[in-house]
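Working notes for the structure below.
Have a look at this one:
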């Protein structure tokens, strides 16, 4: 009869394979703090342990927990297995600029970009952040669209940030909403105040949002880039330690063409492309659930992903509640959490979190920040 000890528990868990890394959760070091209590032949033992994942947004964590419980409880002498699922988010950071580290407490900085406006990039960024936060991660959003900030409207938060003294400098304290840390130019101007700034001023403001905002410790900072490849986008690729970029498009040809340009910009500076998301991909009428209408075309995002050799992260369906909730400051994950659109955003967040974990396990690429500014 095999004695019940830590080695026996690990052997029982060894067949559980992480689908991303292709290795056993035991060999990956995910199994922690094994404890065996009450080891008498009459009443059996209680075995407790933790499975520490590389991200709280792991979509297979419930399956891991189920398999682990079943396998350990099948061991002779075990009456009950208690499996606690934890996470220690892995981070991937680019090299620090010469004048010092930026965002030192942020493990992963995700750029959400698009080649053109009107494709739902900001809505995607907000709901991606909410889905990551709902999984247990600490998350912030930086609205980097200086000229057309939308974060106050989309979150229903509109107040002026406070400052706090830290050493010889004043730090800007992010606004909090829905459990997220928020920062946007929209918090500093009124709805009727136009932002009329030239490139160097935009460069300075973006740097201030990166350096002078007290972001603290975050698993993920989602950066909502302005559409296109202008000053703000270029500044962020130069200044922020981007872990990866997500490109948002619709299926129509014009959006797809512009999405290619945005993708090429990130490739130029060696920022990993996490994948392409096709937003507003189709519409399912509530009274005809078996019908699917591709209003803006079909498979445009998947086509460009295949052509350029990057991952296609999925489709987000059209849901009128996205617009309704956005206008009221209630994103779809809050407004209609059981909707197909909300489920699509949760799946998107899981895919992105897993990709970042795998990238973090590799040697980070060195970003080429030698971009020439056009006058």
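In my numbering, the protein residues as written are 720 to 1094.
Glycine included, C-beta positions come from ideal geometry on N, C-alpha and C.
Across the set 1021, 746, 1072 and 1013, the C-alpha of 746 shows the shortest separation from the C-alpha of residue 726.
Cβ contact annotation for residue 811 (same chain, cutoff 7 angstroms, sequence separation greater than five): 827, 962, 1075, 1078, 1079 and 1083, in chain order. With a threshold of 16 other beta carbon atoms within 10 Å, residue 882 falls short and is exposed. Here the C-alpha atom of residue 902 lies approximately 8 angstroms from the C-alpha atom of residue 870. Taking the Cα of residue 765 as reference, the smallest distance to any Cα among 781, 798, 1051 and 974 is reached at 798. Here residue 1081 carries a coil assignment [DSSP, helix/strand/coil]. The straight-line gap separating the alpha-carbon atoms of residue 802 and residue 771 is approximately 10 angstroms. Under the 10 Å beta carbon count, residue 1007 is surrounded by fewer than 16 other beta carbons and is classified as exposed. By the Cβ-count criterion, residue 1038 is buried, with 16 or more other Cβ atoms from all chains shown falling within 10 Å of its own Cβ. For residue 732 and residue 982, the gap between their C-alpha atoms comes out near 41 angstroms. Looking at 795, 1057, 1005 and 856, the one whose alpha-carbon comes closest to that of residue 755 is 795. Using a 10 angstroms sphere on the CB of residue 848, the tally of other CB atoms reaches 16 or more, which defines it as buried. Between residue 978 and residue 833, the C-beta spacing is below 8 angstroms.
Rounded to the nearest whole angstrom, the C-alpha separation of residue 864 and residue 946 is 8 angstroms. A direct Cα-to-Cα measurement between residue 925 and residue 862 gives close to 10 angstroms.
Taking all protein chains shown into account, residue 737 has 16 or more neighbouring C-beta atoms within 10 Å of its C-beta and is therefore buried. Contact fails between the stretch 933-940 and the stretch 1043-1050, because fewer than three Cβ pairs, one in each stretch, are under 8 angstroms apart. The secondary-structure analysis by DSSP pairs residue 992 across a beta bridge with 964. Put simply, of 970, 1072, 1022 and 1028 the residue whose alpha carbon is nearest the alpha carbon of residue 1036 is 970. Note that the C-beta distance between residue 845 and residue 860 is below 8 angstroms. Under the three-state reduction of DSSP output, residue 794 falls in the coil class, being neither helix nor strand. For residue 856, the closest alpha carbon among the candidates 968, 1004, 941 and 905 is that of 941.
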